[in-house]
DNA sequence: ATAGCCTTGAGA
DNA sequence: TCTCAAGGCTAT
């Protein structure tokens with residue numbers, strides 16, 4: 005295989021063995037190529053003696069041809085590339101596709117290197133490959149007691165703490181088998197990406213071919229699975245706010261209402277983090293340190309992304325769906341709030357101009373959460389590792405989904421810096437307010453505001 | 001049946 | 001002429 009230069013580092017998406025070149029639509033190993041050819045040429049039919057979800061790896065690939073063939077199809081091997089006339093040599097119609105995929109890979113690797121990221125086999129191997137375990141999963145011990153408690157939320161959500169009662173995977177091998185099976189799932193990717201208007205020229209939009217690089221990175225699929233249901237969160241927050249207004253007599257839509265709402269938003273931000281892939285593997289103490297550091301960034305991103313998605317010029321869309329007139333909000337406000345609103349509007353515009361999509365927003369959340377600048381985190385290497393994986397997945401996604409927009413990744417990272425600046429401003433604003441005087445002291449907003457200033 | 005190596009031949 | 005992804009061959 006002297007001619008393999010860019011593929012020799014890859015692993016077969018079916019079994020994890022070394023790739024020998026492009027075969028039937030994508031980079032696979034020699035044995036899966038042969039297996040696929042035999043199966044199609046001889047019109048074989050197999051049956052599975054288990055539950056049709058056998059794990060296929062290098063050592064077990066012979067065990068269940070049924071599941072192996074299913075996996076071949078799932079990762080995108082093309083039946084039509086097996087020639088009915090058995091003609092040898094020459095080229096088929098996939099040739100140009102292979103070439104494009106090669107160029108894309110090269111481009112990706114160059115960009116990865118320029119960003120100081122290691123060039124890996126696949127951006128998504130880390131989750132699915134049975135042959136490698138680049139992620140250092142911490143050994144989870146019994147959950148220590150938390151310090152974040154809130155009577156308000158205890159009552160509301162019948163949990164005595166945000167960080168207790170987490171169910172965790174004890175096995176460090178949990179992620180070796182992806183819940184979705186394949187390294188890439190073009191079908192799933194299509195469903196998530198939706199229409200193809202923003203992905204001009206992409207192979208998987210033509211409906212004819214899906215080389216592995218053009219589907220949604222598996223990591224992103226995992227992230228999307230962690231998302232909370234937006235409408236459900238909205239209705240829960242509306243319900244809780246109505247309940248509190250009834251109880252405490254905080255009527256109207258003044259500042260108090262805003263703080264209560266922010267408090268509720270924070271509750272769901274913490275809930276999202278707690279249930280999220282990677283984060284839930286961390287020790288509670290590390291989870292707290294990370295959240296204490298980034299809650300306001302996440303809050304700012306949540307607000308900004310809502311404006312990008314639903315907002316109109318001159319108004320602020322709240323998590324409850326209500327619209328607030330911005331001039332009415334700003335006119336009586338102090339200079340800090342005015343700046344905050346102005347910077348926020350600028351960021352919303354920047355996001356719109358960049359056409360930041362939902363997938364990229366989700367990556368942002370994980371980049372914010374897994375901040376390597378947070379001090380005294382016990383499992384720092386884990387945080388670094390996750391951050392690098394998110395970077396890689398985001399880069400891969402932007403290159404595949406927006407090939408005409410080569411520096412989108414860089415632009416996105418710059419946006420993230422602006423978001424952090426906005427968040428700092430927002431936190432400053434919140435600190436300047438006597439929130440305790442406005443709302444009951446026992447709230448998450450207060451807790452997080454104080455936690456940051458008492459720690460370090 | 002599997003999988004590593006060999007041969008073929010259209011297109012760059 | 002060279003490349004490299006098809007199909008073919010064969011020991012295990």
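In the working numbering, the protein residues as written are 5 to 460.
In this text, a Cβ means the ideal position worked out from N, Cα and C, and glycines have one as well.
DSSP places residue 32 inside the beta strand (DSSP E), whose first and last residues are 30-32.
Residue 43 sits buried, since 16 or more C-beta atoms from the chains shown fall within 10 Å of its C-beta. Residue pairing from DSSP leaves residue 309 without any beta-bridge partner. The stretch 287-298 and the stretch 233-242 do not touch, with fewer than 3 CB-CB distances between them shorter than 8 Å.
As summarised for the stretch 363-428, the continuous alpha helix (DSSP H) elements at least 4 residues long and confined to that stretch are 384-405, given in chain order. The continuous alpha helix (DSSP H) containing residue 267 extends over residues 259-278. Residue 224 is a Cβ neighbour of residue 363, given a cutoff of 8 Å.
With respect to the 8 Å criterion, residue 32 and residue 52 are not classified as neighbours on the basis of their beta carbons. Under the DSSP assignment, residue 321 falls in the beta strand (DSSP E) whose first and last residues are 319-321. Around the beta carbon of residue 247, fewer than 16 other beta carbons sit within 10 angstroms, so the residue counts as exposed. Three or more beta-carbon pairs drawn from the stretch 345-358 and the stretch 304-316 are found closer than 8 Å, and the two stretches are therefore classed as touching.
Around residue 245, the same chain offers 261, 264, 265, 268 and 324 as residues with beta carbons nearer than 8 Å, after the five sequence neighbours per side are excluded.
Note that the stretch 54-73 touches the stretch 17-27; at least 3 beta-carbon pairs, one per stretch, sit closer than 8 Å. Taking 8 Å as the cut-off, the Cβ atoms of residue 270 and residue 303 count as close. Around the beta carbon of residue 24, a 10 Å sphere encloses 16 or more other beta carbons of the protein chains shown; the residue is thus reported as buried.
Contact check for residue 390 against residue 374 passes: the beta carbons are separated by less than 8 Å.
DSSP links residue 329 through a beta bridge to 319.
The stretch 277-290 and the stretch 335-345 do not touch, with fewer than three beta-carbon pairs separated by less than 8 Å. Excluding the 5 residues flanking it on each side, residue 22 has same chain C-beta neighbours closer than 8 Å at 12, 14, 15, 16 and 33, in chain order. Cβ-Cβ separation between residue 85 and residue 96: approximately 6 Å, consistent with a contact (criterion under 8 Å). For a cut-off of 8 Å, the C-beta gap from residue 399 to residue 116 is around 7 Å, short enough to register as a contact.
When 277, 377 and 243 are compared, the shortest CA-CA separation from residue 230 is found for 277.
Residue 22 sits in a strand when the DSSP states are folded into three classes.
A distance of 8 Å or more separates the beta carbons of residue 354 and residue 404. Counted as a single uninterrupted DSSP element, the alpha helix (DSSP H) harbouring residue 346 occupies residues 339-358. Excluding its 5 nearest sequence neighbours in each direction, residue 412 has C-beta neighbours in its own chain below 6 Å: 402 and 406, listed in chain order. Distance from the CA of residue 385 to the CA of residue 317, rounded to the nearest whole angstrom, comes to 43 Å. Nearest C-alpha to residue 421 among 313, 368, 435 and 432: 368.
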